Amino acid sequence: MKNAHDIIRRPVLTEQTYDYLTKKLYTFEVAVDANKIEIKNAIEEIFGVKVAKVNTLRVQGKMKRMGRYEGRRPEVKKAYVRLTADSKSIAFFDGMVD
Numbered sequence: 001m002k003n004a005h006d007i008i009r010r011p012v013l014t015e016q017t018y019d020y021l022t023k024k025l026y027t028f029e030v031a032v033d034a035n036k037i038e039i040k041n042a043i044e045e046i047f048g049v050k051v052a053k054v055n056t057l058r059v060q061g062k063m064k065r066m067g068r069y070e071g072r073r074p075e076v077k078k079a080y081v082r083l084t085a086d087s088k089s090i091a092f093f094d095g096m097v098d
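Letter 26 of the sequence shown, counting from 1, is numbered 26 in our numbering, and no numbers are missing.
Dropping the structure here:
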């Protein structure tokens, strides 16, 4: 059993994700090996809310060069979490919506 805080890495805070907050849609960076069920259970455990739907997106790391050497930035997985209509909002994001 994975720890919920190991699955949810951090919130993704951009201009576009601020617009989603009014629709009860929250964006998080999650562990690359986490699936939708684990993400849903982790969000419900950490924040005490009801999750309606989880969509995930994998972003490949960009290629970067340092002189003649080439490497890749780490891969990232994002989760778009929609809460149910009767669920309370996540308290962490409450001050960010006007």
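C-beta: ideal position from N, C-alpha, C; glycine also.
In this text the structure is predicted, and so the values were computed from the model without any measurement.
Could I get the ranges of all uninterrupted alpha helix (DSSP H) runs contained in the region 9–44, with 4 residues as the minimum, in chain order? 15–20
Answer yes if the region 72–81 comes into contact with the region 15–34, meaning at least three C-beta pairs across the two stretches below 8 Å, and no otherwise. yes
Can you tell me whether F92 is buried or exposed, with buried defined as 16 or more other CB within 10 angstroms of its CB? Against the sequence shown, residue 92 aligns to sequence position 92. By the neighbour-count rule (16 or more Cβ atoms within 10 Å), F92 is not buried but exposed.
Spatial neighbours of E75 in its chain, beta-carbon cut-off 8 Å, leaving aside the 5 residues before and after: By one-based count along the sequence shown, residue 75 stands at place 75. Taken in chain order, the residues that qualify are V32, R58, V59, Q60 and G61.
Residues near K53 in its chain [Cβ-Cβ closer than 8 Å; skip 5 each side]: Locating residue 53 in the sequence shown gives position 53, counting from the first residue. Around K53: V81 and R82.
Around the C-beta of E38, are 16 or more other C-beta atoms found within 10 angstroms, so that it is buried, or is it exposed? For this step, residue 38 is matched to residue 38 along the sequence shown. Per the 10 Å Cβ criterion, buried.
Which word fits A42, buried or exposed, when buried means at least 16 other C-beta atoms lie within 10 angstroms of its C-beta? The residue you call residue 42 lines up with position 42 of the sequence shown. With 16 or more Cβ atoms within 10 Å of its Cβ, A42 is classed as buried.
Residues near A4 in its chain [Cβ-Cβ closer than 6 Å; skip 5 each side]: As a first step, residue 4 must be located in the sequence shown, where it is residue number 4. Closer than 6 Å at the Cβ level, and outside the excluded window around A4, lie A42, E45 and I46.
Bounding residues of the alpha helix (DSSP H) (the contiguous stretch that carries A4): Locating residue 4 in the sequence shown gives position 4, counting from the first residue. A4 to I7 is the span of the alpha helix (DSSP H), which, as asked, contains A4.
Check whether the Cβ atoms of S87 and K50 lie closer than 7 Å to each other. Position 87 of the sequence shown, counted from the start, is the residue given in the question as residue 87. Position 50 of the sequence shown, counted from the start, is the residue given in the question as residue 50. Yes, they are a contact pair.
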